[in-house]
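Worksheet: the structure to be examined is printed underneath.
Protein chains: 2
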Amino acid sequence: MNEVSRPNNVAIIGGTGPQGKGLALRLAKAGVSVILGSRSAEKAQQCAESLMTQLQSEYGVKADIAGMTMVDATQAADDLVILSVPYSGHDETLSALAPQLVGKTLVDIVVPLTPGNPKSVTMPPEGSVTEAAQALLGDEIPVVGALHNVSAITLNDLGREINCDILVCGNDLTAKKRTMAMIEIMGTKAYNAGLADSARCIEAITPILIRLNISKDVPFSHAGIRICPPTGEH
Amino acid sequence: MNEVSRPNNVAIIGGTGPQGKGLALRLAKAGVSVILGSRSAEKAQQCAESLMTQLQSEYGVKADIAGMTMVDATQAADDLVILSVPYSGHDETLSALAPQLVGKTLVDIVVPLTPGNPKSVTMPPEGSVTEAAQALLGDEIPVVGALHNVSAITLNDLGREINCDILVCGNDLTAKKRTMAMIEIMGTKAYNAGLADSARCIEAITPILIRLNISKDVPFSHAGIRICPPTGEH
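Quick note, the sequences are listed as chains B and H, same order. Under my numbering, think of the first position of the first sequence as 50, with each following residue one higher. Under my numbering, think of the first position of the second sequence as 50, with each following residue one higher.
See the structure below:
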């Protein structure tokens, strides 16, 4: 276990998208206050209400989820701000939020899937989205890459465990540990996968999983990856 | 299962190294003829004798393992030639073997670990070793990237199952299927992970596993990765 305390709240930018909603449900169900940030504060508030109603009716959980603009949501976060927007809007969104991110940690979960071909990534010149985000924000704001490989369908299906270990990377160890503590609240394992340039690998696992999941060669979809220790002698 | 027939024989270039020996043991134990290729034919023959003795004494298996020069081993392969040399010797070895590889399939398992830092890779300008090999050999000789992430210690410990799924990539689907059939003979699962550029991801998984395996944060070493379908409702 991490020796880092759990966060009081987490902001999710792009929180009304499928990935954002799934993360919001899992974090809020575990007792973390969640702040959804969207272009429209009204849309974010409606989404927050809907998720709270779902958690109350299905699990009897009185969740704390708020909705506001992206800027206000970032401002309201104690520390962790998850960025979950389509790659096409990544840089613009991040530039707009940079002033509010000072003193906080950006958790970037964006995968640069190739437009029109989700079985492929097209990495930015910096090598990966995580590295591009760190370059854009500068060294004072730590960027952590995480949660790239877990299916949105799985996240939203609270009846299922998350069948995916989370590989976490970034250049700031403390920021990574805080992110890992947040991830483990959702009941799955997080591993420190190294510096930000490990994102060149981790982000690119997603299109490989997408390829498998839509293939007729395997009898499943929504697969994740897991780190597997050796099994016993046989 | 693959609808591709199992290979009669497989050549392993660099077959006297730890990865090569482990693959030779597992393939030969399953009844595949193995040809070890080394710079020294004598060293390759001695290694082959030693592995056959081990399989006979420990498992009562009469294995067929031969040892010869790299050129002769490549020449003797029906189809599959596994390249398992240190990255520093990769391009030179491949150039020397190119004439013998015509009409065959190169299975490249080399990971470009950064010299002095096995927790990192330094990719060649082509993007990955698999892509570099394909560029070096030209489009007529199919290159398949595979077996990058499985630990040599695990391969050599025949009492253990291979705790690692094998992600296979390359631009020639038939060559990938033949490689996958060969891998599954060793009792682990092989997945088609896409075109050769997927090797930018797959080769880079190895330093992430090495980082975890030498870390004090996890209670294991020699971890592999597995593709995990969703688990049941809980």
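For every residue, glycine included, the Cβ atom is placed at its ideal position computed from N, Cα and C.
Helix, strand or coil for residue i? Go by DSSP, reduced to three states.
| i | result |
| --- | --- |
| B/Ser144 | helix |
| H/Met117 | strand |
| H/Leu129 | strand |
| B/Pro278 | coil |
| H/Lys111 | coil |
| B/Met50 | Interpretation of B/Met50 is limited by its pLDDT of 44, a score under 50 that renders its predicted location unreliable; no figure is taken from the coordinates. |
| H/Thr154 | strand |
| B/Gly273 | strand |
| B/His283 | Low per-residue confidence applies at B/His283: pLDDT is 45, beneath 50, and the placement is therefore not dependable, though the value from the model is reported in the following sentence. Coil, per DSSP. |
| B/Ser89 | coil |
| B/Thr102 | helix |
| B/Ile259 | helix |
| B/Ala77 | helix |
| B/Ser264 | coil |
Considering only C-alpha positions, which residue in the set the options is nearest to residue i?
| i | options | result |
| --- | --- | --- |
| B/Gly80 | B/Leu72, B/Ser247 and B/Ser87 | B/Leu72 |
| B/Leu326 | B/Asn166, B/Pro67, B/Asp266 and B/Asp127 | Residue coverage of chain B in this structure runs from 50 to 283, which leaves residue 326 of chain B outside it and unanswerable. |
| B/Gly208 | B/Val120, B/Gly69 and B/Tyr108 | B/Tyr108 |
| H/Lys225 | H/Pro278, H/Val156 and H/Leu185 | H/Val156 |
| B/Asp206 | B/Val53, B/Arg55, B/Leu74 and B/Ser54 | B/Leu74 |
| B/Ser144 | B/Thr237, B/Thr123 and B/Pro161 | B/Thr123 |
| H/Val134 | H/Ser270, H/Pro164, H/His271 and H/Val159 | H/Val159 |
| H/Gly69 | H/Pro56, H/Asn57, H/Ala184 and H/Ile84 | H/Ile84 |
| B/Ala237 | H/Gln95, H/Thr280 and H/Ser177 | Looking at the sequence itself, residue 237 of chain B is Thr, so the reference to Ala does not match. The shortest Cα separation from B/Thr237 among H/Gln95, H/Thr280 and H/Ser177 belongs to H/Thr280. |
| H/Lys168 | H/Cys277, H/Ser264 and H/Arg55 | H/Ser264 |
| H/Ala181 | H/Gly219, H/Ala201 and H/Leu204 | H/Gly219 |
| B/Leu222 | B/Asn57, B/Ile114 and B/Ala245 | B/Ala245 |
| H/Ile202 | H/Ser54, H/His271, H/Ala97 and H/Gln95 | H/His271 |
| B/Val199 | B/Val110, B/Thr118 and B/Met235 | B/Met235 |
| H/Asn166 | H/Arg55, H/Pro256 and H/Val267 | H/Pro256 |
| H/Ser82 | H/Val267, H/Ile114 and H/Gly152 | H/Ile114 |
| H/Thr118 | H/Leu204, H/Gln95 and H/Val53 | H/Gln95 |
| H/Gly152 | H/Asp188, H/Ser54, H/Pro173 and H/Met172 | H/Asp188 |
| H/Glu175 | H/Ser247, H/Val53, H/Arg55 and H/Val267 | H/Ser247 |
| H/Ala239 | B/Tyr240, B/Ala239 and B/Asp266 | B/Asp266 |
Can you check whether the CB of residue j is closer than 8 Å to the CB of residue i?
| i | j | result |
| --- | --- | --- |
| B/Leu129 | B/Val59 | yes |
| H/Thr154 | H/Arg227 | yes |
| B/Ala112 | B/Ala77 | yes |
| B/Ala90 | B/Gly116 | yes |
| B/Ile211 | H/Arg275 | no |
| B/Ile190 | B/Leu132 | no |
| B/Val170 | B/Pro161 | yes |
| H/Ile251 | H/Ala242 | yes |
| H/Arg88 | H/Ser177 | no |
| H/Leu186 | H/Leu150 | yes |
| H/Asp127 | H/Asn57 | yes |
| B/Ala93 | B/Gly86 | yes |
| H/Phe269 | B/Pro148 | no |
Taking 7 Å as the line, does the beta carbon of residue i fall inside it for any heavy atom of the ligand SAH?
| i | result |
| --- | --- |
| H/Pro148 | Absence of the ligand SAH is noted for the structure shown, with no ligands found whatsoever. |
>> Would the segment 220-237 of chain H count as touching the segment 188-199 of chain H if we require 3 or more Cβ pairs under 8 Å?
In response: yes
> Just checking, does the segment 95-114 of chain B make contact with the segment 251-268 of chain B on the three C-beta pairs under 8 Å criterion?
Replying inline: no
> Is the segment 205-225 of chain H in contact with the segment 136-144 of chain H, if contact means three or more CB pairs nearer than 8 Å?
Replying inline: no
>> Just to confirm the assignment: which complete alpha helix (DSSP H) runs, minimum length 4, are found wholly within the segment 189-253 of chain H?
In response: 201-205 and 222-234
>> Please give the ranges of any alpha helix (DSSP H) in the segment 162-188 of chain B, keeping only runs that are unbroken, at least 4 residues long and fully inside the region.
In response: 178-186
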